[in-house]
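Residue numbers (my numbering): 451 to 821.
Take a look at the structure set out below.
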Ligand code: ACO
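Quick look at the structure:
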């Protein structure tokens, strides 16, 4: 029997230039650039160019990618109709997954893999439109069509809330897109790569990734963190809450990570934006208190805050309802998924691992009426 690497821990599946996560130092490098600098200085559109081209764009190239994203935001009527019909009874992540999948029907050549980044751009551009429309339909409001004079983040908030965001809100939203844009090899990215490795089309690969992100051990934690913070209710309850969870050996959402032995570096950026938008944010003090209690009890065990601890609180301050948090993680990470899909296709070999068979062989088949 070969050694089983449960959860594929420590398994190296390929080489990549897209992103390096240094879990010991708590640093993230997007195509060689410090994530801290990009989160402060860059824009999501610039990051798309960087991740897809392995270099920063010139001013003209940046204008070019901005224009392309703007021009491809509108949804095909058929996808809009699905959202309008299903949004009330379908969870936002299920609807996003279905919509991404449905986009293949509106591509004349969905199976063309010549320029995967270009096809992915169409998906990346439309995901915020899907999310905003689903939110408005659930609220019984008319959908707001995208504007072609706003950046990716500002336009999303405009479509969501029906009014142009302030500069601070747009900048915080842009930063959330950047912070979640890429994180090396992880469950959803791996899922995208597995599907791409079969030479399936990019709509299938992106759909696989959205589905994989949904679970509470991955992107779904953004929502469960808010449930937890609301359960705690007040910073003064954090000690007893964490004590009880730890003694019951329950996992606390927003903590722990396979690769970090320290605080996830994205936490500080989410926290900074919450403080800028609303220093009195209701759940910020609760999150800090829970963080202190968890670090005191589980820091020795390597359990530190991950990016999801503060992201939901920022989304909440931006007027985004909790059931949509994971969809925004998906809309952001679509940048990284696309880059990895393109990289996979550049030098592809089908992913085909094995399992150690521990069942029986040689069992005699008995017809059903003789059992
Ligand atoms: N709270 C308390 N204890 C934890 C936590 C946590 N959040 N995370 C891990 N542990 C403990 C486990 O109970 C386990 O303890 P044991 O050895 O005594 O049994 C040990 O740490 C190892 O945990 P695993 O689940 O084996 O670690 P793994 O690397 O497989 O999982 C994961 C990583 C899924 C992120 C995990 O830490 C977790 O479930 N966290 C909560 C959910 C979450 O926040 N997910 C978001 C991840 S980040 C992202 O996707 C953006």
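Even for Gly, the Cβ is constructed at its ideal location relative to N, Cα and C.
- Where residue 678 is concerned, the enclosing alpha helix (DSSP H) starts and stops at 671-682.
- Counting only residues of its own chain and dropping the five nearest sequence neighbours on each side, residue 516 has a CB closer than 6 Å to the CB of 495.
- Residue 713 is positioned such that its CB atom lies closer than 9 Å to that of residue 476.
- The nearest non-hydrogen atom of ligand 1 is 8 Å or more from the C-beta of residue 688.
- Counting other Cβ atoms within 10 Å of its Cβ, residue 508 stays below 16 and is therefore classed as exposed.
- Closest by C-alpha distance to residue 479, out of 629, 648 and 654, is 629.
- Per DSSP, the continuous alpha helix (DSSP H) segment holding residue 623 begins and ends at 617-629.
- Distance from the CA atom of residue 644 to the CA atom of residue 684, rounded to whole angstroms, is 43 Å.
- For residue 472, the secondary structure class from DSSP, reduced to helix, strand or coil, is strand.
- Here the alpha carbons of residue 669 and residue 689 stand approximately 26 Å from one another.
- For a cut-off of 8 Å, the C-beta gap from residue 524 to residue 595 is around 7 Å, short enough to register as a contact.
- In this structure, ligand 1 has a non-hydrogen atom nearer than 8 Å to the beta-carbon of residue 669.
- Spatial neighbours of residue 518 in its own chain (CB-CB distance under 7 Å, excluding positions within 5 residues in sequence) are listed in chain order as 571.
- Contact between residue 739 and residue 676 does not hold, since their C-beta atoms are separated by about 15 Å, which reaches or exceeds 8 Å.
- Runs of the beta strand (DSSP E) spanning 3 or more residues and lying entirely within the region 484-548 do not occur at all.
- Going by beta carbons, residue 574 and residue 792 fall outside the 9 Å limit.
- The region 539-555 makes no contact with the region 725-741; the number of CB pairs closer than 8 Å stays below 3.
- If you draw a straight line from the Cα of residue 554 to the Cα of residue 815, it is about 43 Å long.
- Each of 490, 695 and 484 was checked against the Cα of residue 501, and the nearest Cα belongs to 484.
- As summarised for the region 564-625, the continuous alpha helix (DSSP H) elements at least 4 residues long and confined to that stretch are 566-588 and 602-611, given in chain order.
- For residue 478, no alpha helix (DSSP H) segment is defined; the enclosing uninterrupted segment is the beta strand (DSSP E) at 477-480.
- Annotated as proximal: residue 638 and residue 659, with beta-carbon spacing under 9 Å.
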